[in-house]
Amino acid sequence: LCNLPPQDIMRARVCRKWRLAARNTIVPMTGFKVDCARQYNAMEAMATSLPNLQQLELNRLDSPEEHKYNDGEGPYAAEAARTALHITHDIGIVSNFTKLIDLTICGAPLNGRYPVLFNNFPLLERIEISNCSGLIWHLDDLANFSSLKDFHSEGTPVEGNINCLRVLKDTLESISIGETLIGRHRIEGNLMDLADFPCLKELFMFTLDLVTGDIRDIGENDFPMLEELEISCCAAIIGDQHFSFQRISDVPDFMNDVHHLLKRDIMNNRCQWTLAEDTSPDWYEPEVSNEDDGIPGPPFDIGLVQVGPRLGWAWGSHEYVGDDSPFDSCEINWLDPEPDNDSSDYETYIQELQTIEGGNNFFNSLNQVSQINFYRGYRQPPTEEEYRRLCRAMDFQQS
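Numbering (our numbering), first residue to last: 5 to 403.
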């Protein structure tokens, strides 16, 4: 029986012997999705007949009638009133599946706190909670999952302190906290609270406005196993992927400070750093011209550039007045020294460098087509006066 999916095992229970066998069977990792009243009824039967289910997905209960799970502790009053006449199902039966390894809760009609979802699965290795706007839960709730490796939350507000996750320090391999559908996350703490997690390979954090930190604090021995880092729209974390600088002069020191982190290439293809449009005294308006002029905007965006083994960065602009234009780059500011001429990478490096210096297209870390032409000779954005002069010169050449 252990080689059959759940539905086939249930159908195989044709006698007492087979029913006992089914009850003792460890069901293989085959997803069982509860997305309608009929599937809920099947889950209800499996709770006693097939309790060793390892993978379960609770979805919306799509049916002609209105269905929901019973309200939890401290439910939202307005939602409870709106759904008072809905057909109600007992979510508590999931507690029978004590061998669960993988639990997904996606869009399930929940309202309030449900300790039953967090207190009965000692073997759980993966949990995903998404698009459950009525579910109230806390990062502390994960503490009972002593084997948890993968935690994913999206579309569902979460509260707590990321320091709560330290009880899972030795098992967590992936943490992903995405945007919410309604409201905001109320998660506090500091990015570096996770720095010594020995198994953590993936860290994705979105719109965690109360979490503080600075990617410059990430040392060479921090996050030792991390392969992917994405920190987006986290306003209190300096250096998140949409971070905006106040002054042009702040950037060189910042790039040197994060050089060792960029060499690990765990976030390079996500960095969209720029000069702050609303608050930087160095920012100025782009030149106004006809769409066909192809005059680039001021180079207030930052692109990372990898040429052979050598890493660098450059200011540039990917917004022309016209459309479909490449990232117009300033000269590259190198972070790494030039490779030795007897190294295996040297020939490739020289070929790629000659392509760039010749004004030909190349790709930055965001996979944007780039070229050094309009801003040739500039290693940082020109002053507004210099920029206007370049624009006038281009207009003159075109006329």
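Quick reminder that beta carbons are idealized off the backbone N, C-alpha and C, glycines included.
Since the structure is predicted, the reported quantities are computational estimates derived from the model, not experimental observations.
Exposed or buried, residue i, counting other C-beta atoms within 10 Å across all chains shown (16 or more means buried)?
i: G320; result: buried
i: I186; result: exposed
i: S151; result: exposed
i: G243; result: buried
i: P369; result: Note on residue identity: the sequence assigns Ser, not Pro, to residue 369. S369 is buried by the Cβ-count criterion.
i: T52; result: exposed
i: G78; result: exposed
i: G307; result: buried
i: Q59; result: buried
i: P113; result: buried
i: D174; result: exposed
i: V485; result: Residue 485 lies beyond the residue range present for the chain, which begins at 5 and ends at 403; the question has no answer from this structure.
i: G406; result: Since the displayed the chain opens at 5 and closes at 403, residue 406 lies outside it and no answer follows.
i: V292; result: exposed
i: D349; result: exposed
i: D332; result: buried
i: D327; result: With a pLDDT of 46 at D327, under the threshold of 50, the modelled position of that residue is not reliable, and the figure given next carries that caveat. By the 10 Å Cβ count, D327 comes out exposed.
Taking residue i as the reference, give the member of the options with the closest Cα.
i: R188; options: N135, F227, I179, E234; result: N135
i: S178; options: T184, E192, E158, F208; result: F208
i: D154; options: L169, L214, H142, P161; result: L169
i: T184; options: L339, N371, E291, I133; result: I133
i: L339; options: F331, L233, V311; result: V311
i: D226; options: P161, R268, I241; result: R268
i: E232; options: R274, I241, E206; result: E206
i: H322; options: T359, L204, F304; result: F304
i: H93; options: A85, L57, Q43, H142; result: Q43
i: I270; options: P228, W287, E281, D282; result: P228
Work out the CA separation of residue j and residue i for me, nearest whole Å.
i: E70; j: H90; result: 5 Å
i: L176; j: E351; result: 42 Å
i: T102; j: P202; result: 27 Å
i: V325; j: E289; result: Low per-residue confidence applies at V325: pLDDT is 40, beneath 50, and the placement is therefore not dependable, though the value from the model is reported in the following sentence. V325 and E289: Cα-Cα distance of roughly 12 Å.
i: L212; j: G182; result: 9 Å
i: N371; j: Y80; result: 45 Å
i: Q276; j: F36; result: 40 Å
i: D261; j: S284; result: 21 Å
i: S347; j: Y353; result: 10 Å
i: G116; j: F210; result: 23 Å
i: A199; j: H246; result: 21 Å
i: L230; j: F366; result: 28 Å
i: D221; j: H156; result: 25 Å
i: G76; j: E129; result: 24 Å
i: D66; j: A41; result: 7 Å
i: W263; j: C334; result: Going by the sequence as given, residue 263 is His instead of Trp. The alpha-carbon atoms of H263 and C334 are separated by roughly 19 Å.
i: F125; j: V255; result: 48 Å
i: E423; j: W317; result: Outside the displayed range of the chain (5 to 403) lies residue 423, so it cannot be described from this structure.
i: E234; j: L146; result: 22 Å
i: M196; j: L357; result: 37 Å
i: L143; j: L172; result: 11 Å
i: R393; j: I219; result: 37 Å
i: P4; j: K72; result: Given a span of 5 to 403 for the chain in the structure shown, any question on residue 4 remains unanswerable.
i: F3; j: A240; result: Residue 3 is absent from the model: the chain starts at 5 and stops at 403.
i: I109; j: Y118; result: 12 Å
i: V98; j: R274; result: 39 Å
i: M398; j: P341; result: 34 Å
i: L315; j: V309; result: 6 Å
i: T87; j: E281; result: 46 Å
i: W287; j: L204; result: 39 Å
i: S180; j: I360; result: 37 Å
Using a threshold of 7 Å, state whether the C-beta atoms of residue i and residue j are closer than that.
i: I191; j: G164; result: yes
i: N272; j: L266; result: yes
i: I105; j: L121; result: no
i: G217; j: N194; result: yes
i: I252; j: Q384; result: yes
i: Y404; j: P302; result: Residue 404 lies beyond the range of the chain shown here (5 to 403); nothing can be said about it.
i: L279; j: F249; result: yes
i: M47; j: V38; result: yes
i: I299; j: C395; result: yes
i: N63; j: G96; result: no
i: C238; j: V215; result: yes
i: P386; j: P343; result: no
i: C100; j: N123; result: Note that residue 100 is Asn in the sequence shown, not Cys. In this structure, N123 does not lie closer than 7 Å to N100 by Cβ.
i: E401; j: P330; result: According to the sequence displayed, residue 401 carries Gln and not Glu. No, they are not a contact pair.
i: L107; j: I131; result: yes
i: G138; j: E83; result: yes
Shorter than 6 Å, the distance from the beta carbon of residue i to the closest heavy atom of the ligand SAH, or not?
i: Y350; result: This structure does not include the ligand SAH; it has no bound ligands of any sort.
Check your understanding: Taking only runs of the alpha helix (DSSP H) that begin and end inside the region 39-114, which ones reach a length of at least 4 residues, in chain order?
Key -> 41-53, 81-86
**Study point:** Residue ranges of each beta strand (DSSP E) within the region 201-228, 3 or longer
**Key:** 206-210, 215-218
Point to revise | In chain order, each beta strand (DSSP E) run of at least 3 residues that lies wholly inside the region 140-204 | key: 154-159, 163-165, 178-184, 190-194
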